[in-house]
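Written out below as structure tokens is the structure these notes cover.
2 protein chains.
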Amino acid sequence: MKQDSRLARMIHVLIHMALLGGRETSETIAKMLNTNPVVVRRTMGALKRKGVVGSEGGRGGGWALLRPLDQLTVLDVQRALDDGQVLTAGVSEDHPTCPVERAANAALVGAFEQAERTLLREFADLRLSTIAEGAMKDLPGSPIQTAHGDHHA
Amino acid sequence: MKQDSRLARMIHVLIHMALLGGRETSETIAKMLNTNPVVVRRTMGALKRKGVVGSEGGRGGGWALLRPLDQLTVLDVQRALDDGQVLTAGVSEDHPTCPVERAANAALVGAFEQAERTLLREFADLRLSTIAEGAMKDLPGSPIQTAHGDHHA
DNA sequence: GAAGTGCGTAACATTAATTGTTACGCTAAG
DNA sequence: CTTAGCGTAACAATTAATGTTACGCACTTC
Numbered sequence: 234m235k236q237d238s239r240l241a242r243m244i245h246v247l248i249h250m251a252l253l254g255g256r257e258t259s260e261t262i263a264k265m266l267n268t269n270p271v272v273v274r275r276t277m278g279a280l281k282r283k284g285v286v287g288s289e290g291g292r293g294g295g296w297a298l299l300r301p302l303d304q305l306t307v308l309d310v311q312r313a314l315d316d317g318q319v320l321t322a323g324v325s326e327d328h329p330t331c332p333v334e335r336a337a338n339a340a341l342v343g344a345f346e347q348a349e350r351t352l353l354r355e356f357a358d359l360r361l362s363t364i365a366e367g368a369m370k371d372l373p374g375s376p377i378q379t380a381h382g383d384h385h386a
Numbered sequence: 234m235k236q237d238s239r240l241a242r243m244i245h246v247l248i249h250m251a252l253l254g255g256r257e258t259s260e261t262i263a264k265m266l267n268t269n270p271v272v273v274r275r276t277m278g279a280l281k282r283k284g285v286v287g288s289e290g291g292r293g294g295g296w297a298l299l300r301p302l303d304q305l306t307v308l309d310v311q312r313a314l315d316d317g318q319v320l321t322a323g324v325s326e327d328h329p330t331c332p333v334e335r336a337a338n339a340a341l342v343g344a345f346e347q348a349e350r351t352l353l354r355e356f357a358d359l360r361l362s363t364i365a366e367g368a369m370k371d372l373p374g375s376p377i378q379t380a381h382g383d384h385h386a
């Protein structure tokens, strides 16, 4: 499949919006995301419904953050984009009445539910302000940052 | 996307093979999975390369388990099917040099790595023999089993 | 109040991954 | 040497995410 990158993109954009401070049009945001204004409206529309951003039409309009970054977690953004499960188990549906198939599926679903709990806990702990601070350290002149630098494992 | 159900299918099949005890042809297995012998060969081929099953050509040939179910974990099967990550973060690649994008991606990758660690731990703890026992309880006459019955959360 | 700017959304095209299908080669048993 | 069965390449079908075009509606400004 083609990977779903909406969460990453929205986090990216929301931080930029906070840094810029004002109102951004779908076209401006589309350039940040190297895409199309329609895609931006689609995705930002979901954030609007959950009160993360607001939009204004007409001249001078655009999108604006409704909360400061330190009151926004990755979980908030994820939940705005999708209420359902983040991880899904990839079960089989070849013989839905077969006890073996059902037991296999149930086992996998259980394992993924555990993993999802971990993921959501991580998401809830990740404030966008923290990510923004991390970005400041990764500027020309600083040593290269890997993606694995700061776990709290 | 279409979900990858190879893991669920292989667990399903391996348990059936153990219960049947002998050698099964790709065609027999295909019927269990409600699919095609070629699909079976493709997927079982991966298990063969990792020593989980063996295959024999010619008359009387087919596939056979090389290990008892209590010495096979879901993790073994997953690893046979795919050496890489089970969970992937869905990062954005719109402006690879943008520090904000990189920080956002890194944060997500970190969170998914945590979740993957949980998932692999669950997989490692799940023996196929345990799943097989669970299937025995889910037979006509028994009360209906939900998919959420037996976590150790 | 007319025009321009910008969001909202439907409809369709594109891209990618999984799965299904057909065809053919090779091996081992009988 | 015929049959049963695996091994694999090649192609079609299905599905999900993303990209794109087109058009409607609201608000601002002149």
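These protein sequence lines are chains Y and U, in that order. For the first sequence, our numbering begins at 234 and goes up steadily by one. For the second sequence, our numbering begins at 234 and goes up steadily by one. Each residue gets a CB set at the ideal place from its N, CA and C atoms; glycine is no exception.
Residue i classed as buried or exposed, judged by whether at least 16 other C-beta atoms fall within 10 angstroms
i, result
"residue 355(Y)", "buried"
"residue 342(U)", "buried"
"residue 257(Y)", "buried"
"residue 330(Y)", "exposed"
"residue 382(U)", "Note on residue 382(U): pLDDT 38, under 50, position unreliable in the model; the coordinate value appears next. Classification of residue 382(U): exposed, given that the 10 Å Cβ count is below 16."
"residue 278(U)", "exposed"
"residue 309(Y)", "buried"
"residue 306(Y)", "buried"
"residue 311(U)", "buried"
"residue 386(Y)", "Low confidence applies to residue 386(Y): its pLDDT is 38, below 50, so where it sits in the model is not reliable, and the reading given next is rough at best. Flag for residue 386(Y) reads exposed."
"residue 347(Y)", "buried"
"residue 295(Y)", "buried"
"residue 232(U)", "Shown here, chain U extends from 234 to 386; a query on residue 232(U) therefore has no answer."
"residue 250(Y)", "buried"
"residue 375(U)", "Residue placement at residue 375(U) cannot be trusted, given a pLDDT of 49 that sits under 50; what the coordinates show is reported in the next sentence. Residue 375(U) should be labelled exposed."
Beta bridge counterpart(s) of residue i as assigned by DSSP
i, result
"residue 360(Y)", "306(Y)"
"residue 298(Y)", "286(Y)"
"residue 257(U)", "296(U)"
Under 7 Å from the C-beta of residue i: neighbouring residues of chain Y
i, result
"residue 269(U)", "Residues of chain Y passing the Cβ test: none, with the nearest at roughly 12 Å."
"residue 334(U)", "245"
"residue 371(U)", "332, 335, 336"
"residue 364(U)", "336, 337, 340"
Listed by chain order, chain Y residues near residue i by CB distance under 8 Å
i, result
"residue 242(U)", "325, 327"
"residue 367(U)", "336, 339, 340"
"residue 348(U)", "320, 348, 349, 351, 352, 355"
"residue 302(U)", "Per Cβ cutoff of 8 Å: no residues; residue 302(U) is ~11 Å from chain Y at best."
Between the CA atoms of residue j and residue i - distance to the nearest angstrom
i, j, result
"residue 387(Y)", "residue 281(Y)", "The requested residue 387(Y) is not part of the displayed model; chain Y covers only 234 to 386."
"residue 293(U)", "residue 255(U)", "11 Å"
"residue 323(U)", "residue 252(Y)", "24 Å"
"residue 237(Y)", "residue 247(U)", "32 Å"
"residue 350(U)", "residue 244(U)", "21 Å"
"residue 263(U)", "residue 274(U)", "9 Å"
"residue 242(Y)", "residue 367(U)", "42 Å"
"residue 352(U)", "residue 321(Y)", "12 Å"
"residue 297(Y)", "residue 313(Y)", "16 Å"
"residue 340(Y)", "residue 301(U)", "19 Å"
"residue 291(Y)", "residue 239(U)", "51 Å"
"residue 364(U)", "residue 344(U)", "29 Å"
"residue 377(Y)", "residue 370(Y)", "Unreliable positioning characterises residue 377(Y) in this predicted model, as indicated by a pLDDT of 48, which lies under 50. A coordinate reading is not provided."
"residue 303(Y)", "residue 284(Y)", "15 Å"
"residue 328(U)", "residue 286(Y)", "23 Å"
"residue 259(U)", "residue 325(U)", "41 Å"
"residue 261(U)", "residue 276(U)", "14 Å"
"residue 299(U)", "residue 299(Y)", "59 Å"
"residue 235(U)", "residue 235(Y)", "10 Å"
7 Å Cβ cut-off: residues of chain U touching residue i
i, result
"residue 238(Y)", "323, 324, 325"
"residue 253(Y)", "Within chain U, no residue comes near residue 253(Y); the closest Cβ sits about 11 Å away, beyond 7 Å."
Chain-ordered chain U contacts of residue i [CB-CB under 9 Å]
i, result
"residue 316(Y)", "Residues of chain U passing the Cβ test: none, with the nearest at roughly 17 Å."
"residue 299(Y)", "What residue 299(Y) touches in chain U: nothing, since even the nearest Cβ is about 19 Å away."
Chain-ordered chain U contacts of residue i [CB-CB under 8 Å]
i, result
"residue 344(Y)", "307, 352, 355, 356, 359"
Residue i: CB within 7 Å of a non-hydrogen atom of the ligand NAD
i, result
"residue 346(Y)", "In the structure shown, the ligand NAD is absent, as is every other ligand, since no ligand is present at all."
Worksheet entry | Validate contact between the region 330-340 of chain Y and the region 311-325 of chain U using beta carbons, cut 8 Å, 3 pairs | With the cut-off at 8 Å, the region 330-340 of chain Y and the region 311-325 of chain U do not touch.
Item to complete: Determine, using beta-carbon pairs with one atom in the region 256-270 of chain U and one in the region 344-359 of chain Y, whether at least three such pairs fall under 8 Å.
Response: No, the region 256-270 of chain U does not touch the region 344-359 of chain Y.
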